[in-house]
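J.: Next up is a structure, given as structure tokens.
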Amino acid sequence: MAVGDLDVAVCSLTDNTPEYAAGAESPGTAYVDIDIEDAKTQTAVEDTLARAMAHDPDLLVASLHWGPNMVETPPQSHRDFARWLVDQGVDVVHGHSAHVFQGIEVYQGRPILYDTGDFVDDYAVDPRLRNDRSFLFELAVGEAGTPLELRLLPTEIDDFAVHRASAEAADWSRERVQDLSDPFGTTFEREDESLVVGLEP
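Sequence positions in the sequence shown follow the working numbering and run 10 to 210.
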């Protein structure tokens, strides 16, 4: 698809609900086990990426609906899988499923968003995990599609709609994402309401 002057390819995968997986003769989801040692997973992912790369996109995004709900940190298998995707040529790893945002890693100059949380949802709000809070994630890229900068603007859900976060919610989310990203060595700069991380390799 075209986004401005860029050609963007998006590959979607999931490890949820294997009963909905596509078969040779039936439609369904692109189900894989999140295991880089699994030969079936390797073949499926490599074939998927090769089909996308055949179109010579400027930016290749892997969007992953993975892992259980309400989990604050990604397991090691997700970390290994995300890095492997970048090694295969993926420019952005976009994770979602937990309903709460997780930490962000920069690997080889590419952003790995392990979970972006909820943008709009009707889940009951957990008072500790705050699944009503997340960010608008804005990626700046160069002319050739190279990721340059990731910007996070705090948001919160109210009355089934997303809004710019209140001051209290924004402070909580900025502090929380920094704490969750510390184990990956990711640090953010504050610019007005947003957090910014450079993506230099």
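Where a beta carbon is used, it is the ideal one built from N, C-alpha and C, also for glycine.
Under 8 Å by Cβ, that's how I've got Gln97 and Leu58 pegged, so tell me the actual separation to the nearest angstrom.
T.: Sure, about 6 Å apart at Cβ, within 8 Å.
J.: Which residues does DSSP list as the beta-bridge partners of Val70?
T.: According to DSSP, which records beta bridges pairwise, Val70 is partnered with Val19, Val101.
J.: Using C-beta distances below 7 Å, list every residue in its chain close to Ala153, excluding the 5 sequence neighbours before and after it, in chain order.
T.: So the list reads Asp67, once near-sequence residues are dropped.
J.: Can you find at least 3 beta carbon pairs, one from the segment 191 to 208 and one from the segment 147 to 164, that sit closer than 8 Å?
T.: yes
J.: Using 10 angstroms around the beta-carbon of Gln117, count the other beta-carbons present and answer buried if the total reaches 16, otherwise exposed.
T.: Exposed, by the Cβ-count rule.
J.: DSSP three-state label for Leu148, please.
T.: Secondary structure of Leu148 (DSSP, three-state): strand.
J.: Could you round the C-beta distance between Asp44 and Thr50 to whole angstroms and report it? I think they count as a contact, below 8 Å.
T.: 6 Å
J.: Buried or exposed for Arg139, going by 16 or more other Cβ atoms inside 10 Å?
T.: buried
J.: Short of 7 Å in beta carbon distance, which residues of its chain neighbour Arg92, apart from the five on each side in sequence? Order them along the chain.
T.: Tyr116
J.: Would you report the Cα separation of Gly13 and Val150, rounded to the nearest angstrom?
T.: 11 Å
J.: Go through the segment 125 to 197 residue by residue and report every complete run of the beta strand (DSSP E) that reaches 3 residues or more, in order.
T.: Runs found: 142 to 150, 156 to 167, 170 to 173.
J.: Taking 8 Å as the limit between beta carbons, can you name the residues of its chain near Ala31, skipping five residues before and five after?
T.: Only Gly37, Thr38, Ala39, Tyr40 meet the Cβ criterion.
J.: Hey, out of Phe144, Val101, Leu159, whose CA is closest to Ala174's CA?
T.: Phe144
J.: DSSP beta-bridge partners for Val12?
T.: Leu15
J.: Among the residues of its own chain, which have a CB less than 8 Å from the CB of His64, if the five just before and after it don't count?
T.: Asp16, Ala18
J.: Flag this pair as yes or no: are the beta carbons of Val129 and Ala170 separated by less than 8 Å?
T.: yes
J.: Under a three-way DSSP split, which group does Val80 fall into?
T.: Three-state result, Val80: coil.
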